[in-house]
Amino acid sequence: MKPWKLTGVDSLAQSARRQTLSARLQSGLLAAGATLCLGLATGCVSPTPFTLKPEAVATVHRTDVRSYVPQTELKAEFLQSGYGAGGGLIGAIVDASVTSGRRKNAEDRVQRLREEVRDVDFRTLYWEAISNAVCATPWLKVELFAPLSSNLERVTAPTVAQGAALNIGTDYYLSQDCRVLVVSTGLGFYLQSQHKKPAAANIVAYHSTEIGKPDGAQAILLWTTNGAAAFRQAASEAIRESAELVRHALDAMGGASTNTSRPAQIRAKLLHARGDYGIKSGGVTMKGQIIEESADRIIFQAGRGPIYSLPRREVEVSPLTK
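Heads up: the sequence shown begins at 647 in our numbering, then just goes up one per residue.
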């Protein structure tokens with residue numbers, strides 16, 4: 647396998663722009679963000695399968711991997727305005743103004759935490775962790791792992807002329823209420839000479855334990871206490887768990903089964919909204935399988951699709967009912 651280098655990557659950095667699932671499927675970057683993961687978990691059906699057919703796996707003789715992490719620093723999730731829906735141009739102007747204000751407020755809240763963790767090179771640590779997971783996946787036959795901090799480029803015919811391609815796109819951010827660190831990663835796999843759409847795709851997401859009961863600026867204070875010790879611990883766990891999630895997703899994509907998994911139904915909070923927007927942050931019920939479980943974390947696959955690493959104490963588990 648050819649070595650990858652990080653030299654000069656930062657000069658390409660651009661802020662990540664959230665896109666719809668269909669747009670990201672077309673471009674090869676599946677998704678990032680709690681809202682998108684929530685949509686998949688609750689019945690939004692992707693036109694792309696989660697698992698390759700055995701005959702497709704057998705054709706893979708080399709794979710070039712591109713891992714996109716466009717962020718140079720921690721972002722803050724915010725809710726886009728929908729007040730002006732159906733209001734024509736005036737409504738669109740209202741929504742743009744409200745959304746802009748919410749974006750600024752979210753960025754202002756998280757700025758203090760950013761200042762405390764300037765020394766945390768999340769991207770480099772993340773790339774080191776997932777590159778090990780990706781390159782250790784036998785069926786991929788990885789030839790090249792390329793970490794990129796630019797926005798995603800569309801997969802074209804030349805991209806897959808010599809072999810398969812795997813796009814991995816990642817966002818990391820604090821939830822709307824600032825209580826949870828989320829790392830969301832989309833994977834899109836393209837077979838050789840088939841660039842128009844992924845042959846298989848999936849999303850994985852890590853959710854940290856809630857920092858405490860307060861939200862907003864008060865939650866930021868908790869994250870920054872003692873030199874941002876809580877955030878540093880969560881970031882380290884997020885990187886480690888994300889590598890595990892990527893490994894599980896690739897195993898599933900290649901058709902491998904996990905003998906230790908067990909069917910289950912869980913209820914978990916995937917959307918951590920702010921109360922001042924009047925949105926309830928209740929749990930979402932999902933049926934699927936528990937892949938791994940410990941006293942601290944649970945790795946759960948919803949159906950045969952999205953895979954989550956969630957804090958065990960914040961997840962309700964019950965036997966899977968028909």
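The beta carbon of each residue, even a glycine, is placed where N, CA and C say it ideally should be.
What you are looking at is a predicted structure, and each value in this text was computed from that prediction instead of being measured.
- For residue 828, the three-state secondary structure derived from DSSP is strand.
- A distance below 8 Å between beta-carbons, with the five flanking residues on each side excluded, links residue 870 to the following residues of its chain, in chain order: 758, 759, 762 and 877.
- Every alpha helix (DSSP H) of 4 residues or more that sits fully in the region 815 to 899 is shown, in chain order, as 863 to 899.
- Straight-line spacing of the CA atoms in residue 764 and residue 702 works out to 44 Å.
- Counting only residues of its own chain and dropping the five nearest sequence neighbours on each side, residue 886 has a CB closer than 8 Å to the CB of 775.
- In the assembly as shown, residue 823 is a buried residue. Its beta-carbon has 16 or more other beta-carbons within 10 Å.
- Going by DSSP, residue 770 is part of the alpha helix (DSSP H) stretching over 768 to 781.
- Residue pairing by DSSP leaves residue 754 without any beta bridge partner.
- Of the residues 780, 755 and 718, the one whose Cα lies closest to the Cα of residue 796 is 718.
- Distances from the alpha-carbon of residue 783 to those of 949, 932 and 889 put 889 closest.
- The residue among 772, 854 and 858 with its C-alpha nearest the C-alpha of residue 942 is 854.
- In the structure shown, the three-state DSSP call for residue 805 is helix.
- Nearest in C-alpha terms to residue 830, of all of 963, 964, 707 and 716, is 716.
- Non-local C-beta neighbours of residue 865 in its own chain, meaning closer than 7 Å and more than five positions away in sequence, comprise 823, 824, 825, 857 and 858, ordered along the chain.
- DSSP places residue 790 within a strand segment (E or B) once states are collapsed to three.
- The DSSP-derived three-state label of residue 938 is strand.
- With contacts defined by Cβ atoms closer than 8 Å, residue 929 and residue 948 do not form a contacting pair.
- Residue 894 counts as buried, since at least 16 other C-beta atoms from the protein chains shown sit within 10 angstroms of its C-beta.
- Residue 939 and residue 958 do touch by the CB rule: their CB atoms are close to 7 Å apart, below 8 Å.
- In this structure, the beta-carbon distance from residue 846 to residue 695 falls below 8 Å.
- In this structure, the beta-carbon distance from residue 911 to residue 839 does not fall below 8 Å.
- For the pair residue 721 and residue 781, the Cα-to-Cα distance works out to about 28 Å.
- Rounded to whole angstroms, the gap between the alpha carbons of residue 803 and residue 897 is 26 Å.
- In this structure, the beta-carbon distance from residue 953 to residue 944 does not fall below 8 Å.
- Annotation: residue 816 to residue 872 spans about 28 Å, alpha carbon to alpha carbon.
- Leaving aside the five residues that flank residue 852 on each side, the residues in its chain whose CB is nearer than 6 Å to its CB run, in chain order, 829, 884, 887, 888 and 955.
- In the structure shown, residue 695 adopts coil according to DSSP, grouped into three states.
- Counting only the Cα atoms, residue 848 lies some 35 Å from residue 867.
- Of the candidates 950, 698 and 711, 711 places its Cα closest to the Cα of residue 806.
- A residue is called buried when at least 16 other Cβ atoms come within 10 angstroms of its Cβ; residue 918 meets this threshold and is buried.
- Buried is the label assigned to residue 713, since at least 16 other Cβ atoms lie within 10 Å of its Cβ.
- Residue 702: member of the alpha helix (DSSP H) spanning 700 to 703, first to last residue.
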